[in-house]
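Here's the structure we're looking at; comments come further down.
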Amino acid sequence: MPHSQVGIFALGEASQAHFELDVLSDEHAKRLVEALVELERPHSTVSGVNLVVGFRPSLWARLAPSGHAVQAHDFNREIAGAGGYAMPATQHDAWLWFTGPSYDVIFDEARDAIKTLRGLASVAREVSGWAYRHSRDLTGFEDGTANPSLLEAPEVTCIPDGEPGAGSCIVLLQQWRHNMEAFDELDEAAQERVIGRTKMESQELEEADMPADSHVARTELHDESGAELPIFRRSVPYGNVGGHGLMFVGFAREQKRLDRMLLNMAGAGGPRDALTYFSTPLSGSYYVVPSTEALLALSSNQRQV
Ligand code: HEM
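Following this line, the structure appears as structure tokens:
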């Protein structure tokens, strides 16, 4: 049975760093993929730092080993919503995600990794994040309450056994910048109507009190039979007093769930998510996060397990 990269599920880490990379030229693409695979080995085992790697879907489609291709599209077009509102498309070639107990160890590991990749890729975006009041967003609301438990998360996150790309998954990475001054002007009840949950206890609002434009109402998805279509979120606050927000990190086994949530938030076919009046997306990329078997199949350093 194929396995997903374990760092996806390493909850409780206090510190994170995200790097989005652009390959220097097309000839370097294969070597970049191989170099990232080799990075996974030492970094994920000896330093106490988890490393997860992902690739631009169209790049992975070209370079995936046989049987590990994944049906997914790049984030190449902005998400257009109501009244001219749009979320930007800023797709890059690869994603490196470090999580660990503190930023010092992440800094050392990330610096080494970026040095190793010099000559193959440039850093297009770097965002370091930190846990805020355990697992709250900077708005003060708990983030991740509706996530599936760790027992269910792999099923929600990974392409199931028997399907092409089994064990791999798709991640949406989106940097949001908050307008905290505007959000702070709302009283607590109004903030709760924006999110769709209570602030302190993170209780979902009763159906009768749930505004149609609340964040929960716009992102909770169901299939035709009424069953929920969840994703697994590992978002993290980032920034400093002068500029801050949320690095949204959402994993799914089906990209269409993520596409649908973005369209709903943007106000396509319904009200625009109230949260989008208080936070602005600065970026948007999708990456295929290959299974460990797919990464091992690309490794020049193969070893029997
Ligand atoms: C400014 C950016 C965002 C902030 C501050 C934010 C914050 C939150 C908060 C506080 C909750 C309620 C607690 C919880 O269940 O975690 C929530 C729920 C959720 N968010 Fe977000 N979120 C953001 C962006 C996104 C994006 C871009 C997506 C998907 C594309 C998304 C998908 C979801 C989902 C699926 C839920 C659970 C809904 C349910 O109850 O089933 N969020 N978010």
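In short: position in the sequence shown from 1, add 282, done, that's the working numbering. We put the CB at the ideal spot given by N, CA and C, even for glycine.
Cβ-based neighbour list, residue i, same chain, cut-off 6 Å, excluding 5 preceding and 5 following
i: Ala346; result: none
i: His310; result: Leu402
i: Ala299; result: Phe380, Ile388, Ala392, Ser410
Residue i - DSSP class collapsed to helix/strand/coil
i: Glu467; result: helix
i: Arg304; result: Correcting the residue type first, residue 304 is Asp in the shown sequence and not Arg. Strand, per DSSP.
i: Phe291; result: helix
i: Leu578; result: helix
i: Tyr520; result: strand
i: Ser496; result: coil
i: Gly382; result: strand
i: Gly527; result: strand
i: Ser573; result: coil
i: Lys403; result: Before going on, a small fix: residue 403 reads as Ala here, not Lys. Ala403 falls in the strand class under three-state DSSP.
Residue i and residue j closer than 7 Å at C-beta
i: Asp308; j: Ser404; result: no
i: Gln485; j: Ala354; result: no
i: Arg554; j: Ala364; result: yes
i: Asn453; j: Tyr569; result: For the record, residue 453 in the displayed sequence is Val; it is not Asn. Cβ distance < 7 Å, so Val453 and Tyr569 count as in contact.
i: Arg479; j: Pro493; result: no
i: Pro519; j: Leu511; result: no
i: Arg359; j: Ala368; result: no
i: His350; j: Thr574; result: no
i: Ser561; j: His497; result: no
Same chain, Cβ closer than 7 Å to residue i, five either side skipped, listed in chain order
i: Ala296; result: Pro383, Ser384, Trp412, Ala413
i: Gly330; result: Gly382, Pro383, Val387
i: Ala406; result: Glu302, Leu303, Asp304, His374
i: Val319; result: Leu577, Leu580, Ser581
i: Leu544; result: Ile361, Met369
i: Asp505; result: Leu511
Integer Cβ distance of residue i from residue j, believed to fall under 8 Å
i: Ala576; j: Phe514; result: Going by Cβ atoms, the distance from Ala576 to Phe514 rounds to 19 Å, so no, they are not a contact pair.
i: Glu408; j: Phe301; result: 5 Å
i: Gln287; j: Val571; result: 6 Å
i: Ile290; j: Val334; result: 6 Å
i: Cys503; j: Arg539; result: Sequence inspection shows Leu at residue 503; the Cys mentioned does not correspond to that position. Leu503 to Arg539, Cβ: 6 Å. Contact.
i: Leu432; j: Leu293; result: 7 Å
i: Arg500; j: Asn429; result: That pair is no contact at about 17 Å.
i: Ser517; j: Asp394; result: Their Cβ separation, rounded to whole angstroms, is 26 Å, which puts Ser517 and Asp394 out of contact at 8 Å.
i: Gln456; j: Pro563; result: 5 Å
i: Gly566; j: Phe357; result: 5 Å
Beta carbon proximity, residue i to chain B, threshold 7 Å
i: Arg479; result: Although the question refers to chain B, the structure presented lacks it and comprises just one protein chain.
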